[in-house]
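Residue numbering for the sequence shown follows our numbering, beginning at 593 and increasing consecutively.
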Amino acid sequence: MTLCLRGLSVPSHASDFSNEKRETRNEKRLQSTVMLLAGDVGGTKTFVGLFERAATRPVTVDIKTFSTQQYASLGDIIDAYLVGLPAVPRLDAACFGVAGPVIEGTATLTNVPWQISAADVVQRFGVRHVGLLNDLESMAYSVAVLEPDELAIIQRGVPRIAANAAVIAAGTGLGEAFLHWIDGRFYPAPSEGGHADFAPHTERQIALLRMLTQEFGRAEWEHVISGPGLVNVHRFTHGVTPCRAADLLRVEPDVAAAISASALEGRCDACVEALQIFVQVYGAEAGNLALRSVAGAVFLGGGIAPKILPALQDGSFVRAFTAKGPMRDLLAAVPVHVILNPQAGLIGAAVYADGMT
Ligand SMILES: [Zn+2]
């Protein structure tokens with residue numbers, strides 16, 4: 593599926609003649625302009641795109657989506673992407689954000705049975721500069737270039753110009769990253785904080801901790817704040833009581849999305865409680881992240897936050913975010929935003945590639 597096009601593709605209603613002209617123009621553009629290749633490799637979906645350099649933010653030329661599990665390697669996905677272009681682009685630099693830790697230029701993906709090596713991409717595609725980042729680190733690189741209409745406000749706070757920031761993103765898993773403010777610019781840094789130990793702060797959450805510990809041996813933040821995490825919380829709040837939205841959960845392939853839809857529509861009280869707990873725990877851990885980095889801003893990425901925006905904005909997220917005893921006033925001043933652009937990770941990878949040369 594082509595998500596965004598600027599001159600590389602042809603609308604279906606165009607005549608064959610204009611198609612040919614445009615194809616020729618596109619070929620020339622690809623061959624004459626130095627491009628950046630960016631990728632956002634997730635456990636389910638991989639975005640790959642071409643970008644042109646620009647003063648403030650790399651300009652999107654073309655983006656395509658691939659089913660990660662259908663390919664044997666990142667190289668095969670890049671191959672499939674390049675083959676689909678009207679000409680071989682002149683690539684100056686490439687960068688990929690991947691869902692897993694990156695150790696010395698090699699990434700082991702959490703939910704995909706292959707490794708990614710920056711050196712392999714250099715060798716196979718002849719790109720001189722290749723960057724490999726953790727997916728949240730990549731998303732963090734987008735923060736400085738996002739436009740106001742790509743963000744939604746959860747807490748307005750008091751913006752500070754020279755301050756650290758943090759990104760937390762619930763999706764297939766839970767990702768966390770820091771943006772250190774040093775000498776007038778952000779330096780993103782990855783973490784595996786989503787796998788740190790879950791700390792409950794209400795009696796219900798202590799009971800949830802017990803259930804998770806029984807099931808998984810230990811309870812981590814990702815067991816609550818992620819798509820599969822919301823399914824865990826749903827199991828906890830329902831117990832032996834049948835879900836009143838069971839018909840919806842059966843037909844919807846994304847069970848977590850069905851649970852949040854049921855909760856937002858008020859179909860089932862236990863679904864409402866599940867989403868409430870999810871939002872409270874999300875707020876508490878976002879507040880922990882802000883404390884650990886003395887953040888001047890916190891950004892919520894990932895696929896879940898934009899889908900549950902009304903629940904994030906109803907006050908319970910902010911209450912949990914700021915419930916840190918003597919640090920309450922500090923946290924009440926921290927602006928908290930939801931990143932609405934699902935391609936923020938890809939844009940961040942392009943920003944990083946742009947800075948490599
Ligand atoms: Zn329910």
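Quick reminder that beta carbons are idealized off the backbone N, C-alpha and C, glycines included.
This one's a predicted model, so the numbers in the text were calculated from it and none came from an experiment.
Cα-Cα separation between residue i and residue j, rounded to whole angstroms
i: A685; j: G718; result: 10 Å
i: V930; j: Q747; result: 10 Å
i: L856; j: E768; result: 26 Å
i: Q872; j: M948; result: 39 Å
i: M731; j: V825; result: 27 Å
i: D861; j: E739; result: 37 Å
i: L892; j: V928; result: 8 Å
i: L642; j: M627; result: 6 Å
i: F870; j: P845; result: 20 Å
i: K637; j: G937; result: 12 Å
i: K656; j: G667; result: 15 Å
i: P603; j: P678; result: For P603, the predicted model reports a pLDDT of 32, less than 50, meaning its position is unreliable; a value from the coordinates is still stated below. If you take the alpha carbons of P603 and P678, they lie about 14 Å apart.
i: L725; j: L904; result: 28 Å
i: Y663; j: T702; result: 16 Å
i: D789; j: L801; result: 10 Å
i: T914; j: L923; result: 5 Å
i: A757; j: L822; result: 26 Å
i: I900; j: A849; result: 9 Å
i: E865; j: L766; result: 20 Å
i: L538; j: R682; result: With the chain represented from 593 up to 949, any question about residue 538 goes unanswered, as that position is not in the structure.
i: G635; j: A853; result: 23 Å
i: S783; j: F770; result: 8 Å
i: Q935; j: F639; result: 8 Å
i: V694; j: A781; result: 11 Å
i: V722; j: V704; result: 21 Å
i: T698; j: I708; result: 6 Å
i: V847; j: C835; result: 12 Å
i: I851; j: D671; result: 37 Å
i: H830; j: E807; result: 16 Å
i: E814; j: R720; result: 36 Å
i: R859; j: S659; result: 32 Å
i: M919; j: V926; result: 11 Å
i: A761; j: A744; result: 14 Å
i: D921; j: G749; result: 10 Å
i: G785; j: V843; result: 33 Å
i: I896; j: E644; result: 30 Å
i: W706; j: T625; result: 32 Å
i: A811; j: S818; result: 13 Å
i: V680; j: Y733; result: 27 Å
i: D946; j: P902; result: 36 Å
i: A736; j: P751; result: 14 Å
Unbroken alpha helix (DSSP H) run spanning residue i, endpoints
i: V823; result: G819 to H830
i: I669; result: L666 to V675
i: I760; result: Run containing I760: none in the alpha helix (DSSP H); it sits in the beta strand (DSSP E), N756 to A762.
i: F790; result: Unbroken run through F790: none, as it is neither H nor E.
i: P902; result: L901 to L904
i: R911; result: S908 to T914
i: A838; result: A838 to V843
Range of the contiguous beta strand (DSSP E) that encloses residue i
i: R649; result: Where R649 is concerned, there is no enclosing beta strand (DSSP E), given that its DSSP letter is neither H nor E.
i: D933; result: What sits at residue 933 in the sequence shown is Asn, not Asp. Taken as a continuous stretch (DSSP letters only), N933 belongs to no beta strand (DSSP E), as it is neither H nor E.
i: K637; result: K637 to E644
i: Y779; result: R777 to P782
i: V722; result: H721 to N726
Beta-bridge pairing of residue i - partner residues as DSSP gives them
i: V928; result: Q747 and V890
i: H772; result: Y779
i: D632; result: F639 and G689
i: V626; result: R682
i: E857; result: Beta-bridge pairing links E857 to no other residue.
i: E812; result: D789
i: G767; result: A761
Minimum Cβ-Cβ distance from residue i to chain B less than 9 Å
i: T914; result: Within the model displayed, chain B is absent; a lone protein chain is all it includes.
Fill in: Cβ contact (3+ pairs, closer than 8 Å) linking the region 769–789 and the region 903–910
Segments in contact, no.
Worksheet item: Okay, do the region 631–640 and the region 690–698 touch, 3+ Cβ pairs below 8 Å being the bar?
Response: The region 631–640 is in contact with the region 690–698.
Discussion item. Quick test of the definition: if touching needs 3 or more C-beta pairs under 8 Å, does the region 935–948 touch the region 646–658?
Written reply: Short answer: they touch.
Worksheet item: Mind pulling the alpha helix (DSSP H) runs of 4 or more residues that sit fully within the region 679–719?
Response: As far as the region 679–719 is concerned, its whole alpha helix (DSSP H) runs of at least 4 residues are 710–717.
Discussion item. Tell me whether the region 888–896 and the region 787–802 touch, counting them as touching only if at least three CB pairs, one residue from each stretch, are closer than 8 Å.
Written reply: Touching, no.
Worksheet item: Do three or more CB pairs link the region 708–717 to the region 866–882 at distances below 8 Å?
Response: Fewer than three Cβ pairs drawn from the region 708–717 and the region 866–882 lie within less than 8 Å of each other, which leaves the two stretches out of contact.
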